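Trainee: Mapping of the sequence shown onto the numbering used here: residues 122 to 255, in sequence order.
Built from N, CA and C at the ideal position, the CB exists for glycine as well.
Since we're looking at a predicted model, the values are computed, not measured.
There's a structure below that I have some questions on.
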Amino acid sequence: KKELLRQQEEVDAEIGNLASQQNLYLEWFGPTERYLAIMDKPYVHPKDELEKRNAERAGKITEYKALMAAPADEEDLEIEEQLRITYGGCFTPSYGSNIAAGGSAKELPMPPHPPTQGSACAYSGRLPAIHSSV
Numbered sequence: 122k123k124e125l126l127r128q129q130e131e132v133d134a135e136i137g138n139l140a141s142q143q144n145l146y147l148e149w150f151g152p153t154e155r156y157l158a159i160m161d162k163p164y165v166h167p168k169d170e171l172e173k174r175n176a177e178r179a180g181k182i183t184e185y186k187a188l189m190a191a192p193a194d195e196e197d198l199e200i201e202e203q204l205r206i207t208y209g210g211c212f213t214p215s216y217g218s219n220i221a222a223g224g225s226a227k228e229l230p231m232p233p234h235p236p237t238q239g240s241a242c243a244y245s246g247r248l249p250a251i252h253s254s255v
């Protein structure tokens, strides 16, 4: 609990530092903003640009969380179970990046062959449990 309180204090201090830097940079932008207005030059205010980037980032995070929360379809689950049986439980698929890119378990990279008894798993480096022949 003490560690979490210390981390919260550090984060709060960093947020305060970033907020003061933001205010300073906005103040420095003032003369440039006035010049652009006098010269009638179109521009995007840095604050607006930052808000747009933050909104895009939040949208991507929300989309990623939705993809991670979505259950795998029946075919993906069957493929995963077959891989676990074939590779003695040492195969752990990572759907995250593959499904986020619009793929499925069918497109996961496969090791060249099932590990033999006594050989280390290609994914974890540990010795697998019981292997069945395929």
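Would you mind sorting residue 147 into buried or exposed? The rule is 16 or more other CB atoms within 10 Å of its CB.
Mentor: exposed
Trainee: Quick one: is residue 233 buried, meaning 16 or more other Cβ sit within 10 Å of its Cβ, or exposed?
Mentor: Confidence at residue 233 is low in this model, with a pLDDT of 48, below 50, so the placement of that residue should be treated as unreliable; the coordinate-derived value is given next. That one is exposed.
Trainee: Buried or exposed: residue 197, going by 16 or more other Cβ atoms within 10 Å of its Cβ?
Mentor: buried
Trainee: Kindly indicate the opening and closing residues of the alpha helix (DSSP H) around residue 163.
Mentor: Looking at the DSSP string, residue 163 is not in any alpha helix (DSSP H), and its letter there is neither H nor E.
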